[in-house]
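Shown next, in structure tokens, is the structure this report addresses.
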Amino acid sequence: LDLPLKRNQAFVMTYINQQRARVGELLEGDMQGKRFELLHDGQETNLELQYLVKLVDVLATCAEGENRFIESMCQNIFSLDELLEVVNDKQIPVWCKRPYMRFMVWCYLNTAGGKIESGSGDLDHDVRMWQLLDNVRLMLLKFGAKLKDLLSNQAQTHNLRQSLMRRRTTSVSVKALRKKSAKKPAPGEESEGIEGVVSYLFEGILPMLQVFYQDFFNVQKSEESHRKEIAVSQEIASSLLGMCSQISKILSNQTQFRTFRNTITAIISYNEIEVEERALNKFHTE
Numbered sequence: 013l014d015l016p017l018k019r020n021q022a023f024v025m026t027y028i029n030q031q032r033a034r035v036g037e038l039l040e041g042d043m044q045g046k047r048f049e050l051l052h053d054g055q056e057t058n059l060e061l062q063y064l065v066k067l068v069d070v071l072a073t074c075a076e077g078e079n080r081f082i083e084s085m086c087q088n089i090f091s092l093d094e095l096l097e098v099v100n101d102k103q104i105p106v107w108c109k110r111p112y113m114r115f116m117v118w119c120y121l122n123t124a125g126g127k128i129e130s131g132s133g134d135l136d137h138d139v140r141m142w143q144l145l146d147n148v149r150l151m152l153l154k155f156g157a158k159l160k161d162l163l164s165n166q167a168q169t170h171n172l173r174q175s176l177m178r179r180r181t182t183s184v185s186v187k188a189l190r191k192k193s194a195k196k197p198a199p200g201e202e203s204e205g206i207e208g209v210v211s212y213l214f215e216g217i218l219p220m221l222q223v224f225y226q227d228f229f230n231v232q233k234s235e236e237s238h239r240k241e242i243a244v245s246q247e248i249a250s251s252l253l254g255m256c257s258q259i260s261k262i263l264s265n266q267t268q269f270r271t272f273r274n275t276i277t278a279i280i281s282y283n284e285i286e287v288e289e290r291a292l293n294k295f296h297t298e
């Protein structure tokens, strides 16, 4: 996982707590409305929004590695309700959602304290969670089509691969900050380029899917209410299996390969989730 050193995580969290009034005003409970206002603005040139996104990313990084003490501190900053509202909001661009999804994974899903302690024990059939998974299903369908078009252009494929080799970041370039445009693009998921979607996929979506299907997924074919959940899961698995050969052309390191493979394995491990045998055989031989 390329996890950071625990002493560095503890040091950063201690500093944030000590300097909360100066560096963490946006984290206060009564600032939730302000946070959503910034997220809905969605402009990369908004420095206050950049600060919020980076701060959430730092907190998520501090929680990586199942540190119960830091998990508890982070859970007191953002509720699971707020996190689900953010990642399900289609008016918020994915470059803003990425750290929130990472925060949800490390502070509520993949935790040292467990599902009950984190308050995520009922997520297996939570309507908001399945709304998120259905959104992921739709995103994967669109991404698969975009990826196919991109791979037909050798130069674009090379540029994307080089971009993914760089370390994860939620910042924008100095050039982007200085750029002036008479017409700002409308914020939201649809305004994001494929590079941002790939980063969101590998840093947020796939880790979330992997831990959800390993630790939370719980359905029975005989249950009428579970059939839609099974159908959504099958479509997610089919989309991921369908892009195996394509995604391998843009992946830049073994960690990304493992993340992709482990996520698919976690989903297709259930007898209730049926996928095309040919796609499954191709996945196992690649």
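In this text, residue positions in the sequence shown follow the numbering used here: the first is 13, and each later residue adds one. Quick reminder that beta carbons are idealized off the backbone N, C-alpha and C, glycines included.
Sequence-distant residues of its chain with Cβ nearer than 6 Å to residue i (five each side left out)
i, result
"Ile-242", "Val-231 and Glu-284"
"Tyr-27", "none"
"Ser-245", "Ile-285"
"Ala-278", "Gln-222, Tyr-225 and Gln-226"
"Phe-155", "Val-209"
"Lys-127", "Gly-133"
"Cys-108", "Leu-51 and Val-65"
"Val-24", "Cys-74"
"Leu-96", "Arg-140"
"Val-186", "Since pLDDT at Val-186 reaches only 33, below the 50 mark, its modelled position is unreliable, and the value read off the structure follows with that caveat. Taken in chain order, the list of residues that qualify is empty."
Residue interval of the alpha helix (DSSP H) (run including residue i)
i, result
"Pro-219", "218–227"
"Lys-154", "139–163"
"Val-99", "92–100"
"Cys-108", "106–116"
"Ser-86", "It should be pointed out that residue 86 corresponds to Cys in this sequence rather than to Ser. Start and end: 80–87."
"Lys-46", "44–53"
"Asp-69", "59–75"
"Lys-18", "18–30"
"Ser-251", "239–254"
"Ala-278", "266–280"
"Ser-132", "Run containing Ser-132: none; DSSP gives neither H nor E here."
"Gly-208", "206–212"
Cutoff 7 Å; reference residue i; Cβ partners in own chain excluding five residues on either side
i, result
"Ser-261", "One detail in the question is off: residue 261 reads as Lys in this sequence, not Ser. Answer for Lys-261: Leu-163 and Thr-169, listed in chain order."
"Phe-269", "Leu-263"
"Leu-218", "Thr-271, Phe-272 and Thr-275"
"Val-68", "Pro-111, Tyr-112 and Phe-115"
"Phe-48", "none"
"Gln-143", "Asn-100"
Given residue i as reference, the closest of the options once Cα atoms are compared
i, options, result
"Tyr-112", "Asn-274, Leu-145, Gly-126 and Glu-215", "Glu-215"
"Asn-147", "Asn-165, Thr-271 and Asn-100", "Asn-100"
"Cys-74", "Trp-118, Val-35 and Leu-95", "Trp-118"
"Ala-72", "Gln-31, Asn-122, Thr-57 and His-52", "Asn-122"
"Lys-233", "Glu-247, Tyr-282 and Ala-249", "Tyr-282"
"Val-35", "Tyr-63, Glu-236, Ser-257 and Gly-54", "Tyr-63"
"Ile-280", "Ala-249, Asp-138 and Gln-31", "Ala-249"
"Lys-240", "Pro-105, Met-151 and Met-141", "Met-141"
"Leu-145", "Gln-174, Ala-33 and Leu-213", "Leu-213"
"Gln-55", "Arg-149, Ala-22, Pro-105 and Glu-76", "Pro-105"
"Val-98", "Leu-150, Gln-44 and Gly-254", "Gln-44"
"Asp-42", "Phe-90, Arg-149, Asn-165 and Gln-143", "Phe-90"
"Asn-20", "Asn-165, Ser-130, Gln-166 and Val-70", "Val-70"
"Asn-265", "Ser-175, Glu-236 and Glu-235", "Ser-175"
"Glu-76", "Lys-46, Ala-22 and Arg-32", "Ala-22"
Within 8 Å, strictly: CB atoms of residue i and residue j
i, j, result
"Lys-18", "Asn-79", "yes"
"Glu-40", "Leu-50", "no"
"Asp-138", "Phe-229", "no"
"Leu-152", "Leu-252", "yes"
"Gln-83", "Gly-125", "The residue you asked about is not Gln; residue 83 is Glu in the sequence shown. For Glu-83 and Gly-125, yes; Cβs fall inside 8 Å."
Chain D contact for residue i (CB, 8 Å cutoff)
i, result
"Gln-31", "Considering every chain present, this structure includes no chain D. It has just one protein chain."
Residues of its chain near residue i, where Cβ-Cβ distance is below 8 Å and the 5 sequence neighbours each way are ignored
i, result
"Ile-259", "Leu-159 and Phe-272"
"Ile-206", "Phe-155, Lys-158, Leu-159, Leu-162 and Leu-172"
"Lys-192", "Residue placement at Lys-192 is poorly supported in this model, since its pLDDT is 38, which falls under 50; the coordinates are not used for a value here."
"Val-287", "Gln-246, Ala-249, Ser-250, Leu-253 and Ile-280"
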